[in-house]
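J.: The structure follows.
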Amino acid sequence: MGWFFKKKQKDPDPIFQEVGQIKQQSAVTEKKLENIEQQLQKLTRLQYKTGKTTEDKLDSVTTILDKQRTSMADNSSEKHVIENVISQIDDMDIVYNRLSNDSQWSGLLGQWIGALIQTLEVIGIHEIIHEGEIFDPTRAEAVESVPMENHQLQPYEITMVHKRGFAWKSGRIIRKAHVTTVKEDKQ
(Lines of atoms letter the chains of each structure in order from A and count residues from 1; the text may use other names and numbers.)
(Lines give C-alpha, C1' and ligand atoms only; values in the text may rest on other atoms or scores of the structure.)
Protein backbone atom coordinates (compact mmCIF):
# COMPACT_ATOMS: atom_id res chain seq x y z
CA MET A 1 0.00 0.00 0.00
CA GLY A 2 1.29 3.17 -0.95
CA TRP A 3 0.62 5.79 1.37
CA PHE A 4 0.63 9.03 -0.17
CA PHE A 5 1.22 11.54 2.31
CA LYS A 6 0.54 14.79 1.04
CA LYS A 7 3.44 16.92 1.60
CA LYS A 8 2.34 20.05 2.98
CA GLN A 9 3.81 22.85 1.01
CA LYS A 10 5.32 25.35 3.15
CA ASP A 11 4.53 28.93 2.49
CA PRO A 12 7.63 30.55 1.17
CA ASP A 13 9.42 32.59 3.67
CA PRO A 14 8.51 36.27 3.19
CA ILE A 15 12.12 37.22 3.62
CA PHE A 16 13.10 35.17 0.58
CA GLN A 17 10.33 36.80 -1.41
CA GLU A 18 11.54 40.23 -0.46
CA VAL A 19 15.13 39.30 -1.28
CA GLY A 20 13.96 38.07 -4.70
CA GLN A 21 12.09 41.28 -5.32
CA ILE A 22 15.09 43.32 -4.22
CA LYS A 23 17.31 41.33 -6.62
CA GLN A 24 14.88 42.03 -9.48
CA GLN A 25 14.72 45.71 -8.61
CA SER A 26 18.49 45.79 -8.31
CA ALA A 27 18.87 44.24 -11.77
CA VAL A 28 16.41 46.76 -13.26
CA THR A 29 18.18 49.63 -11.51
CA GLU A 30 21.54 48.35 -12.73
CA LYS A 31 20.26 48.24 -16.32
CA LYS A 32 18.92 51.77 -15.95
CA LEU A 33 22.26 52.93 -14.54
CA GLU A 34 24.12 51.34 -17.47
CA ASN A 35 21.72 53.05 -19.87
CA ILE A 36 22.21 56.39 -18.09
CA GLU A 37 25.99 55.90 -18.21
CA GLN A 38 25.85 55.23 -21.97
CA GLN A 39 23.64 58.27 -22.51
CA LEU A 40 25.99 60.37 -20.41
CA GLN A 41 28.98 59.21 -22.48
CA LYS A 42 27.11 60.06 -25.70
CA LEU A 43 26.14 63.45 -24.30
CA THR A 44 29.73 64.13 -23.25
CA ARG A 45 31.02 63.22 -26.73
CA LEU A 46 28.34 65.36 -28.37
CA GLN A 47 29.10 68.29 -26.08
CA TYR A 48 32.83 67.98 -26.81
CA LYS A 49 32.19 67.77 -30.55
CA THR A 50 29.82 70.76 -30.45
CA GLY A 51 32.32 72.74 -28.39
CA LYS A 52 35.11 71.90 -30.83
CA THR A 53 32.93 72.87 -33.82
CA THR A 54 31.97 76.15 -32.14
CA GLU A 55 35.62 76.86 -31.34
CA ASP A 56 36.62 76.16 -34.96
CA LYS A 57 33.86 78.44 -36.25
CA LEU A 58 34.89 81.22 -33.85
CA ASP A 59 38.48 80.86 -35.03
CA SER A 60 37.24 81.08 -38.62
CA VAL A 61 35.17 84.19 -37.86
CA THR A 62 38.16 85.78 -36.10
CA THR A 63 40.37 85.05 -39.11
CA ILE A 64 37.79 86.52 -41.50
CA LEU A 65 37.41 89.65 -39.36
CA ASP A 66 41.18 90.11 -39.24
CA LYS A 67 41.37 89.78 -43.03
CA GLN A 68 38.55 92.30 -43.45
CA ARG A 69 40.27 94.77 -41.12
CA THR A 70 43.51 94.39 -43.07
CA SER A 71 41.64 94.70 -46.36
CA MET A 72 39.86 97.85 -45.19
CA ALA A 73 43.18 99.39 -44.18
CA ASP A 74 44.66 98.38 -47.54
CA ASN A 75 41.61 99.74 -49.37
CA SER A 76 41.81 103.10 -47.61
CA SER A 77 45.51 103.46 -48.44
CA GLU A 78 44.83 102.18 -51.98
CA LYS A 79 42.02 104.71 -52.37
CA HIS A 80 44.35 107.49 -51.22
CA VAL A 81 47.02 106.42 -53.75
CA ILE A 82 44.46 106.24 -56.58
CA GLU A 83 43.09 109.69 -55.76
CA ASN A 84 46.65 111.04 -55.66
CA VAL A 85 47.53 109.54 -59.07
CA ILE A 86 44.31 110.88 -60.63
CA SER A 87 45.05 114.32 -59.17
CA GLN A 88 48.55 114.21 -60.68
CA ILE A 89 47.06 113.31 -64.07
CA ASP A 90 44.74 116.33 -63.78
CA ASP A 91 47.65 118.63 -62.97
CA MET A 92 49.71 117.24 -65.85
CA ASP A 93 46.77 117.67 -68.24
CA ILE A 94 46.55 121.35 -67.28
CA VAL A 95 50.27 121.89 -67.82
CA TYR A 96 50.18 119.84 -71.05
CA ASN A 97 47.39 122.03 -72.47
CA ARG A 98 49.36 125.20 -71.58
CA LEU A 99 52.57 123.93 -73.21
CA SER A 100 51.19 123.53 -76.71
CA ASN A 101 54.03 125.75 -78.06
CA ASP A 102 56.86 123.72 -76.52
CA SER A 103 56.82 120.32 -78.20
CA GLN A 104 59.60 118.82 -76.06
CA TRP A 105 57.89 119.48 -72.75
CA SER A 106 54.43 118.65 -74.03
CA GLY A 107 55.75 115.38 -75.47
CA LEU A 108 57.40 114.47 -72.18
CA LEU A 109 54.28 115.32 -70.19
CA GLY A 110 52.18 113.28 -72.64
CA GLN A 111 54.42 110.29 -71.97
CA TRP A 112 54.14 110.75 -68.21
CA ILE A 113 50.35 111.01 -68.42
CA GLY A 114 50.24 107.85 -70.55
CA ALA A 115 52.45 106.00 -68.07
CA LEU A 116 50.22 106.98 -65.13
CA ILE A 117 47.09 105.90 -67.01
CA GLN A 118 48.75 102.55 -67.82
CA THR A 119 49.63 102.15 -64.14
CA LEU A 120 45.97 102.64 -63.24
CA GLU A 121 44.95 100.10 -65.90
CA VAL A 122 47.27 97.53 -64.32
CA ILE A 123 45.29 97.70 -61.07
CA GLY A 124 41.95 97.55 -62.92
CA ILE A 125 41.05 101.22 -63.42
CA HIS A 126 40.33 102.62 -66.88
CA GLU A 127 39.44 105.95 -68.42
CA ILE A 128 35.72 106.13 -69.24
CA ILE A 129 35.18 109.14 -71.54
CA HIS A 130 37.10 110.47 -74.56
CA GLU A 131 36.66 113.38 -76.94
CA GLY A 132 34.31 112.59 -79.81
CA GLU A 133 32.05 110.29 -77.80
CA ILE A 134 28.39 111.10 -77.12
CA PHE A 135 27.68 112.53 -73.67
CA ASP A 136 26.58 109.95 -71.10
CA PRO A 137 25.38 111.45 -67.79
CA THR A 138 26.21 108.24 -65.91
CA ARG A 139 29.90 108.63 -66.80
CA ALA A 140 30.38 112.39 -67.21
CA GLU A 141 29.27 115.81 -66.02
CA ALA A 142 28.86 118.58 -68.58
CA VAL A 143 30.60 121.66 -67.18
CA GLU A 144 30.21 123.62 -70.41
CA SER A 145 28.30 123.39 -73.67
CA VAL A 146 29.16 125.07 -76.96
CA PRO A 147 26.88 125.88 -79.91
CA MET A 148 26.90 123.60 -82.92
CA GLU A 149 29.05 125.62 -85.35
CA ASN A 150 30.44 122.73 -87.31
CA HIS A 151 27.93 120.47 -89.08
CA GLN A 152 30.27 117.53 -88.64
CA LEU A 153 29.59 117.55 -84.89
CA GLN A 154 26.57 115.80 -83.43
CA PRO A 155 24.42 117.16 -80.62
CA TYR A 156 25.75 116.16 -77.18
CA GLU A 157 29.12 115.15 -78.64
CA ILE A 158 32.04 115.69 -76.27
CA THR A 159 34.41 118.31 -77.67
CA MET A 160 36.77 118.62 -74.71
CA VAL A 161 37.58 116.67 -71.55
CA HIS A 162 38.48 119.02 -68.69
CA LYS A 163 39.01 116.28 -66.10
CA ARG A 164 39.26 112.63 -67.05
CA GLY A 165 36.76 110.16 -65.65
CA PHE A 166 37.81 106.81 -64.22
CA ALA A 167 36.05 103.57 -63.30
CA TRP A 168 36.92 100.10 -62.07
CA LYS A 169 36.72 97.23 -64.57
CA SER A 170 33.52 96.19 -62.81
CA GLY A 171 31.97 99.47 -63.98
CA ARG A 172 31.87 101.18 -60.58
CA ILE A 173 32.64 104.85 -61.17
CA ILE A 174 35.54 106.35 -59.24
CA ARG A 175 35.08 109.83 -60.68
CA LYS A 176 32.90 111.17 -63.50
CA ALA A 177 34.62 113.07 -66.29
CA HIS A 178 34.11 116.85 -66.57
CA VAL A 179 33.46 117.66 -70.23
CA THR A 180 32.35 120.24 -72.76
CA THR A 181 29.51 119.11 -75.03
CA VAL A 182 27.81 120.40 -78.18
CA LYS A 183 24.41 122.01 -77.66
CA GLU A 184 21.45 120.62 -79.52
CA ASP A 185 20.62 122.88 -82.49
CA LYS A 186 17.06 124.14 -82.01
CA GLN A 187 15.94 125.29 -85.43
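As numbered in my numbering, residues 1 to 187 make up the sequence shown, in order.
All residues carry an ideal CB built from backbone N, CA and C; glycine is no exception.
Keep in mind it's a predicted model, so treat the numbers as computed, not measured.
1) Taking a contact to mean a Cβ-Cβ separation below 7 angstroms, would you say residue 92 touches residue 120 in this structure?
2) Suppose the cutoff is 8 angstroms on Cβ atoms and the five residues either side in sequence are ignored; what does the same chain contact list for residue 183 look like?
3) Would you call the stretch 160-172 and the stretch 121-140 touching, i.e. three or more CB-CB distances under 8 angstroms?
4) Alpha carbon to alpha carbon, what distance is there between residue 85 and residue 168?
5) How far does the alpha helix (DSSP H) with residue 117 in it extend, from its first residue to its last?
6) Can you check whether the CB of residue 159 is closer than 7 angstroms to the CB of residue 138?
7) Between residue 69 and residue 142, what straight-line distance do the alpha-carbon atoms span, to the nearest angstrom?
8) Using DSSP with H/G/I as helix, E/B as strand and the rest coil, what is residue 92?
9) Residue 163 bridges to which residues according to DSSP?
10) Taking DSSP as the reference, what is the three-state secondary structure of residue 86?
11) Between the Cα of residue 140 and the Cα atoms of 153, 123, 178, 79, which residue gives the shortest distance?
T.: Short version:
1) Within the sequence shown, residue 92 is the residue found at index 92, counting from 1. Within the sequence shown, residue 120 is the residue found at index 120, counting from 1. It is not a contact, given that the beta carbons lie outside the stated cut-off.
2) Stepping through the sequence shown from its first residue, residue 183 is reached at position 183. Cβ within range, chain order: 145, 146, 147, 148, 155.
3) Short answer: they touch.
4) By one-based count along the sequence shown, residue 168 stands at place 168. By one-based count along the sequence shown, residue 85 stands at place 85. When rounded, the distance between both Cα atoms is 15 angstroms.
5) The count along the sequence shown starts at 1 and reaches residue 117 at position 117. Residues 103-122.
6) Position 138 of the sequence shown, counting from 1, holds the residue named residue 138. Position 159 of the sequence shown, counting from 1, holds the residue named residue 159. Not closer than 7 angstroms, so no.
7) In the sequence shown, the residue the question calls residue 69 occupies position 69. In the sequence shown, the residue the question calls residue 142 occupies position 142. Going by the C-alpha atoms only, they are around 38 angstroms apart.
8) In the sequence shown, residue 92 corresponds to position 92, counting from 1. If DSSP states are grouped into helix, strand and coil, residue 92 belongs with the helices.
9) Counted from its first residue, the sequence shown places residue 163 at position 163. DSSP lists 178 as partners of residue 163.
10) Taking the first residue of the sequence shown as 1, we reach residue 86 at position 86. If DSSP states are grouped into helix, strand and coil, residue 86 belongs with the helices.
11) As a first step, residue 140 is located in the sequence shown; it is residue number 140 there, counting from the start. Checked all of 153, 123, 178, 79; the closest Cα to residue 140 is 178.
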